[in-house]
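Participant: Here it is: the structure, laid out below.
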Amino acid sequence: MRTPRGSGSASKIRRGFRRGDIEYLCDLMVDVIKGRRKPGEVREDVIALRREFDKIEYGFQSVEEALKHIQRLL
630 MRTPRGSGSA
640 SKIRRGFRRG
650 DIEYLCDLMV
660 DVIKGRRKPG
670 EVREDVIALR
680 REFDKIEYGF
690 QSVEEALKHI
700 QRLL
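Residue numbers (the working numbering): 630 to 703.
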């Protein structure tokens with residue numbers, strides 16, 4: 630099984646997940662843990678949710694953007 634990238638809490642916050650989104654994600658995990666759904670079934674729901682958050686909300690979009698910000702601070 631592959632380990633998903635960007636699956637930590639900090640990654641979710643940077644991408645703009647709100648409380649309800651994280652609760653929904655947790656519900657999906659609980660469904661798998663308790664055997665109510667198979668991982669493959671939940672995978673599609675997780676992929677759909679992740680597609681809604683394809684942009685970094687709290688951070689820089691590129692190295693160039695970060696460098697411009699640093700130059701303004703200096």
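Glycine included, C-beta positions come from ideal geometry on N, C-alpha and C. All values reported here derive from a predicted model rather than from experimental measurement.
(1) For L657, collect the residues of the same chain with a Cβ closer than 7 Å to its Cβ; drop the 5 residues on either side in sequence, then sort them by chain order.
(2) Name the residue from Q700, F689, R679, E693 whose alpha carbon lies nearest to the alpha carbon of I653.
(3) Please say whether G645 and F682 have beta carbons closer to each other than 8 Å?
(4) Quick one: give me the first and last residue of the alpha helix (DSSP H) that R644 is part of.
Facilitator: Working from what's here:
(1) The residue labelled residue 657 in the question sits at position 28 within the sequence shown. The residues are V671, D674, V675.
(2) If you number the sequence shown from 1, residue 653 lands on position 24. Rather than Ile, the amino acid found at residue 653 in this sequence is Tyr. Nearest C-alpha to Y653: R679.
(3) As a first step, residue 682 must be located in the sequence shown, where it is residue number 53. As a first step, residue 645 must be located in the sequence shown, where it is residue number 16. If you check the CB distance, F682 and G645 come in under 8 Å.
(4) For the purposes of this step, residue 644 is identified with residue 15 of the sequence shown, where counting begins at 1. R644 -> no alpha helix (DSSP H), and no H or E assigned at all.
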